[in-house]
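Let me begin by presenting the structure, written as structure tokens, before commenting on it.
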Amino acid sequence: MRQLIAGNWKMHGLSADAVALARAVRDGAGGVDADLLVCPPFLHIPAVAAALAGGPEGSTVALGAQDCHQAAQGAHTGDVSAPMLVDAGVTHVILGHSERRQNHHEIDEVVREKTEAALRCGLAPIVCVGETDAQRNAGQETEVVGWQLAGSLPQGFADPRKDGLSCAVAYEPVWAIGTGRTPTLEEVATMHAFIREELVRQFGAAGHGIRILYGGSVKPANAKELLAVPHVGGALVGGASLKAEDFLAIARAARDLGDEVRTPGPWG
Ligand code: 13P
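Residue numbers (my numbering): 17 to 284.
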């Protein structure tokens, strides 16, 4: 399996910026040996879908969203449902990002419900976990991430999928997001190995088939060393994904995961 390099554009750019960025990523994606995903703001999704569809042959960049509601429809002012995303051509959705957990008070139970909603309609969720600075300083980082994994990932999360899309977990230490600070490679290795253990504990052998992305201040200068860490299945990139050349430079640092991530088969 290849590494997944995902760009979380957060709440940046107007539609013309999103289209230009999507086109630049699409046009530069040809020789990249990684799975690429861009996650624009909701409002730009149709324009980005159209821009990605017009690419040269062999350039496949997947389209993701940054959140979805847990209900398929209903009286939820301002929200967007998972089926609406599928209808717009979206295949992946980031869920439980720390900015959602903090700013929108999303607890693990809500993240799990949203993940279930995504799985129900065939979206591949990327579920984010990660500790705050205070939690790491108190030595609680694995405990916190362990609880987040147990609370946020529903049954069936690791089931092999016929459509070839795979679910992912993203480890994003909150203190590394947008700060330019990254954990040491040893800290990344320790946490990713812990997450792999937890996934296998929760889901059995299927837990080996889940990519574990690293996110938090990934940039071209540190991508190669971060992506080389065992059990790092890709990157979830914020700021550096807003510049196509930086995002593509990160993607060019990706490696084949070989036996590290094994999709169990045959399909059920
Ligand atoms: P930065 O890459 O800007 O630190 O953001 C990381 C992130 O939150 C991706 O979801």
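The C-beta atom is built at its ideal place from N, Cα and C for all residues, glycine as well.
Since residue i contacts residue j with CB under 8 Å, what's their CB separation in whole angstroms?
{"i": "Gly138", "j": "Asp179", "result": "7 Å"}
{"i": "Leu242", "j": "Val204", "result": "6 Å"}
{"i": "Glu147", "j": "Val106", "result": "Not quite, the Cβ-Cβ distance comes to about 29 Å (not below 8 Å), so this is no contact."}
{"i": "Ala186", "j": "Gly155", "result": "Not confirmed; about 22 Å, so no contact."}
{"i": "Thr131", "j": "Ser168", "result": "7 Å"}
{"i": "Leu258", "j": "Trp25", "result": "6 Å"}
{"i": "Val211", "j": "Ala184", "result": "Inspection of the sequence shows that residue 211 is occupied by Ile rather than by Val. About 11 Å separates the two Cβ atoms, so there is no contact after all."}
{"i": "Ala305", "j": "Leu229", "result": "Shown here, the chain extends from 17 to 284; a query on residue 305 therefore has no answer."}
Taking the beta carbon of residue i as the centre, do at least 16 other beta carbons fall within 10 Å, making it buried, or is it exposed?
{"i": "Trp283", "result": "Only weak support exists for where Trp283 lies, its pLDDT of 44 falling under 50; the value from the coordinates is given anyway. That one is exposed."}
{"i": "Ile226", "result": "buried"}
{"i": "Ala269", "result": "buried"}
{"i": "Ala98", "result": "buried"}
{"i": "Trp163", "result": "exposed"}
{"i": "Arg217", "result": "exposed"}
{"i": "Thr93", "result": "exposed"}
{"i": "Glu159", "result": "exposed"}
{"i": "Gln171", "result": "exposed"}
{"i": "Asn153", "result": "exposed"}
{"i": "Gln89", "result": "exposed"}
{"i": "Glu125", "result": "exposed"}
{"i": "Pro246", "result": "exposed"}
{"i": "His85", "result": "buried"}
{"i": "Val194", "result": "Residue identity differs from the one stated: residue 194 is Gly in this sequence, not Val. The residue in question, Gly194, is exposed, as its Cβ has fewer than 16 Cβ neighbours within 10 Å."}
{"i": "Ala192", "result": "buried"}
{"i": "Asp275", "result": "exposed"}
{"i": "Ala50", "result": "buried"}
{"i": "Gly249", "result": "buried"}
{"i": "Gly112", "result": "buried"}
{"i": "Ala91", "result": "exposed"}
Quick check: what's the CA-CA separation for residue i versus residue j?
{"i": "Ile260", "j": "Leu37", "result": "Residue identity differs from the one stated: residue 260 is Ala in this sequence, not Ile. Distance between the alpha carbons of Ala260 and Leu37 is about 6 Å."}
{"i": "Leu273", "j": "Ala267", "result": "14 Å"}
{"i": "Ala209", "j": "Glu202", "result": "10 Å"}
{"i": "Ala40", "j": "Leu30", "result": "16 Å"}
{"i": "Ala133", "j": "Ala87", "result": "7 Å"}
{"i": "Val77", "j": "Ala45", "result": "7 Å"}
{"i": "Met207", "j": "Arg177", "result": "26 Å"}
{"i": "Ala140", "j": "His60", "result": "19 Å"}
{"i": "Asp33", "j": "Gly254", "result": "16 Å"}
{"i": "Glu213", "j": "Gly80", "result": "27 Å"}
{"i": "Val48", "j": "Arg117", "result": "33 Å"}
{"i": "His108", "j": "Ala150", "result": "31 Å"}
{"i": "Met17", "j": "Leu264", "result": "19 Å"}
{"i": "Ala22", "j": "Val234", "result": "11 Å"}
{"i": "Phe58", "j": "Ala69", "result": "17 Å"}
{"i": "Gln82", "j": "Pro56", "result": "7 Å"}
{"i": "Val286", "j": "Met27", "result": "Shown here, the chain extends from 17 to 284; a query on residue 286 therefore has no answer."}
{"i": "Ala174", "j": "Ala256", "result": "29 Å"}
{"i": "Val102", "j": "Glu157", "result": "34 Å"}
{"i": "Val277", "j": "Glu188", "result": "19 Å"}
{"i": "Asp95", "j": "Arg42", "result": "28 Å"}
{"i": "Ser114", "j": "Ala221", "result": "28 Å"}
{"i": "Phe219", "j": "Asp262", "result": "35 Å"}
{"i": "Gln19", "j": "Val54", "result": "14 Å"}
{"i": "Val145", "j": "Arg271", "result": "23 Å"}
Practice prompt. Answer yes if the segment 198-213 comes into contact with the segment 233-245, meaning at least three C-beta pairs across the two stretches below 8 Å, and no otherwise.
Written response: Verdict: yes, contact present.
Item to complete: List in chain order: all unbroken alpha helix (DSSP H) runs of 4+ residues lying wholly within the segment 127-163.
Response: List check, alpha helix (DSSP H) in window: 149-153.
Discussion item. Restricting to runs no shorter than 3 residues, where is the beta strand (DSSP E) found entirely within the segment 96-125?
Written reply: Qualifying beta strand (DSSP E) stretches, in chain order: 108-111.
Worksheet item: Which ranges would you report for the beta strand (DSSP E) in the segment 202-246 if only whole runs of at least 3 residues count?
Response: As summarised for the segment 202-246, the continuous beta strand (DSSP E) elements at least 3 residues long and confined to that stretch are 227-231, given in chain order.
Worksheet item: Are the segment 51-71 and the segment 116-124 touching by the rule of at least three beta carbon pairs closer than 8 Å?
Response: Taking a contact to require three or more Cβ pairs closer than 8 Å, the segment 51-71 and the segment 116-124 do not qualify as touching.
Item to complete: Run through the segment 59-92 for me and flag every whole beta strand (DSSP E) of 3 or more residues, listed as ranges in chain order.
Response: 77-81, all fully within the segment 59-92.
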